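What follows is a short report on a single structure.
Protein chains in written order, with this note's numbering: chain A, 16 to 362; chain B, 3 to 164.
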């Protein structure tokens, strides 16, 4: 082939490559950052915390999408002899879209549970600084703190829209993964896989009702029984207009107890949250939150009234302030107040 | 002096009218456009809303959907979403942020002007966008919404009140 012909081919390729690139490949970077300030009447001290600096990437080419999120948490200063904070690959998965009904994903995920777990750390997407108890760590057995379900899992996921009729649609997510364990993201310590499932019914643009389920064998055995069967069921409701937001969730948790005790340990948590957007700028929030360890013992429940405000000059910047009135049923745990404020910015 | 004053006045009026037009103070008819190779000729308003809410991610032929929007501070965008689809722009932006950070799907691509929308839609078979009708050219195709063309009174963004 003559040099001139080669040059013509090369120039043609160069001229058409922007077309091919625009048509087939898109790469995006998103992120968010938040700074919190907290004062508690129990500890009587205040603190700043650069809780999150998260970077998300998305690469899309026709039916294939690759998504990731890296988190730098609590200052993330890693040094050979210690340091503080954490750097973590929160999520990383590859997705193939077969149709609106079936999308397949493989990688590391946030467990699809409830209204908030898929946006668990994405503070610009929710009104308050702190999430409801359902999403936090607790000690249902009075020993080690853990969530009612695994926040993340490594494995496979299939999701999509099961059916739609008019303004009603039913979405689903099914997942299988390693489950909780000492090296849960790279090595399953037993042959029992975790299963997660979520169904979300949307009616129009305002109302959605969801059910979630997670089951696993907990390798750490919070109750002292290694590989304890655990299950959690969730029910959530959201009604969202341009000005008014109502959210409510209930989670019921059950885990096998140790051999001596036998039987199952249960816990339940629920909340109701109301918010009202004023001129799309200021949103006062009221939430009642409840957690019960289910032991029937005195002191096994925790209730909180939260009163907060969210000020958002635009869709990416949020100033949040809240006061939590924490009440415990244990006679030796005094009620206390926690003041939290934060700045949260998406980019 | 009078002539100079007249010319100055004309310039001022012209500048004012241009600014009005640039800010969308004078609204042109908005049309929904897709890539010329896209076989779709009509969609429902509910589908269009689903595209911009991230509820729909593929076309019927299962190829990926790429919705684009003009900047949300432009009048045409506010009209398209609020009058056309019944979706408050502030709520749309919050929703798109959730789509991006949850990983559910890519949010609509935000472009600066109609020329960019035409360029992007013409280069991407799965793209859908909206532009003023006078910015239409042969590189993209107009589709009907709920079976109505943009010239019809029943069009979802009709400016024809007669």
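Beta carbons: idealized from backbone N, C-alpha and C, even for Gly.
Computed from a prediction, not measured in an experiment: that's the story for all the values here.
(request) With 7 Å as the C-beta to C-beta threshold (strictly closer), list the residues of the segment 98 to 110 of chain B near chain A in chain order. (result) 99, 100, 102, 103, 104, 105, 108
(request) Answer yes if the segment 126 to 139 of chain A comes into contact with the segment 160 to 174 of chain A, meaning at least three C-beta pairs across the two stretches below 8 Å, and no otherwise. (result) yes
(request) Could you name the residues of chain B that residue 133 of chain A contacts, counting a contact when the two beta carbons are closer than 8 Å? (result) 104, 105, 106
(request) On a CA-only basis, which of A:271, A:85, A:226 is nearest residue 103 of chain A? Give me that one, please. (result) A:85
(request) Could you pull out every residue in the same chain whose Cβ sits closer than 6 Å to the Cβ of residue 343 of chain A, ignoring the five residues on either side in sequence? (result) 317
(message) Looking at chain B, is there any beta carbon in it that lies within less than 8 Å of the beta carbon of residue 249 of chain A?
(response) no
(message) Rounded to the nearest angstrom, what separates residue 130 of chain B and residue 77 of chain A at their Cα positions?
(response) 15 Å
(request) Measure the C-alpha to C-alpha separation of residue 195 of chain A and residue 46 of chain B and round it to an integer number of angstroms. (result) 45 Å
(request) In angstroms with no decimal places, state the Cα-to-Cα distance between residue 59 of chain A and residue 83 of chain B. (result) 49 Å
(request) Would you give the residue range spanned by the alpha helix (DSSP H) that residue 159 of chain B belongs to? (result) First-last for residue 159 of chain B: undefined, no H or E at that position.
(message) For the structure I just gave you, are there three or more beta carbon pairs, one from the segment 127 to 147 of chain B and one from the segment 94 to 111 of chain A, closer than 8 Å?
(response) no
(message) For residue 53 of chain A and residue 186 of chain A, what's the separation of their Cα atoms in angstroms?
(response) 38 Å
(message) Suppose you measure from the CA of residue 230 of chain A to the CA of residue 358 of chain A; what does that come to, to the nearest Å?
(response) 35 Å
(request) Return the residue from the list A:66, A:79, A:273, A:323 that minimises the CA-CA distance to residue 40 of chain A. (result) A:79
(message) Starting from residue 54 of chain B, trace the alpha helix (DSSP H) in both directions and tell me its first and last residue.
(response) 47 to 55
(request) Check whether the Cβ of residue 143 of chain B lies closer than 8 Å to any Cβ atom in chain A. (result) no
(request) Kindly examine the ligand ATP and report whether one of its heavy atoms sits closer than 7 Å to the Cβ of residue 330 of chain A. (result) As presented, the structure is devoid of all ligands, the ligand ATP included, so that no description of it is given.
(request) Give the straight-line distance between the Cα atoms of residue 328 of chain A and residue 233 of chain A, rounded to the nearest whole angstrom. (result) 44 Å
(request) Leaving aside the five residues before and after residue 164 of chain B along the sequence, list all residues of the same chain whose C-beta is less than 7 Å from its C-beta, in chain order. (result) Caution is warranted here: a pLDDT of 45 is assigned to residue 164 of chain B, below 50, making its placement in the model unreliable, and the coordinate value is therefore given only provisionally. Contacts found: none.
(message) From the DSSP secondary-structure annotation, give me the bridge partner or partners of residue 293 of chain A.
(response) A:297
(request) Anything in the segment 39 to 56 of chain A with a Cβ closer than 8 Å to a Cβ of chain B? List those residues in chain order, please. (result) 41, 43, 45, 47
(request) Output yes if chain B places a C-beta closer than 8 Å to the C-beta of residue 71 of chain A; else output no. (result) yes
(request) Please classify residue 132 of chain A: does DSSP put it in a helix, a strand, or coil? (result) helix
(message) Would residue 266 of chain A and residue 278 of chain A qualify as a contact pair, given that the criterion is a beta-carbon distance under 8 Å?
(response) no
(request) Taking only beta-carbon positions, decide if residue 121 of chain A is within less than 8 Å of chain B. (result) no
(request) Report the residue from A:330, A:124, A:355, A:323 whose alpha carbon sits nearest the alpha carbon of residue 210 of chain A. (result) A:124
(request) Quick one: using the 10 Å Cβ neighbour count with 16 as the cut-off for buried, is residue 54 of chain B buried or exposed? (result) buried
(message) Does the segment 174 to 190 of chain A come into contact with the segment 110 to 122 of chain A, if we say contact requires no fewer than three beta-carbon pairs (one atom in each stretch) closer than 8 Å?
(response) yes
(request) Can you grab the Cα-Cα spacing for the pair residue 56 of chain B / residue 100 of chain B, in whole Å? (result) 10 Å
(message) What does the Cβ neighbour count give for residue 36 of chain B, buried or exposed, with the cut at 16 atoms within 10 Å?
(response) buried
(message) Give me, in chain order, the residues of the same chain whose beta-carbon lies closer than 6 Å to that of residue 90 of chain A; leave out the 5 immediate sequence neighbours on both sides.
(response) 65, 99, 100
(request) Count the other C-beta atoms from every protein chain shown that fall within 10 angstroms of the C-beta of residue 35 of chain A, then say buried if there are 16 or more, exposed otherwise. (result) Residue confidence for residue 35 of chain A is low, a pLDDT of 37 falling below 50, so the modelled location carries little weight; the figure read from the coordinates is stated next. By the neighbour-count rule (16 or more Cβ atoms within 10 Å), residue 35 of chain A is not buried but exposed.
(message) Within the continuous alpha helix (DSSP H) that includes residue 79 of chain B, where are the two ends?
(response) 77 to 80
(message) Closest to residue 137 of chain B by C-alpha separation, out of B:150, B:123, B:147, B:149, would be which residue?
(response) B:123
(request) Assign residue 361 of chain A to buried or exposed, taking buried as 16 or more other Cβ atoms, counted over all protein chains shown, within 10 Å of its Cβ. (result) buried
(request) Look at the alpha carbon of residue 281 of chain A and the alpha carbon of residue 289 of chain A, and state the distance between them as a whole number of angstroms. (result) 28 Å
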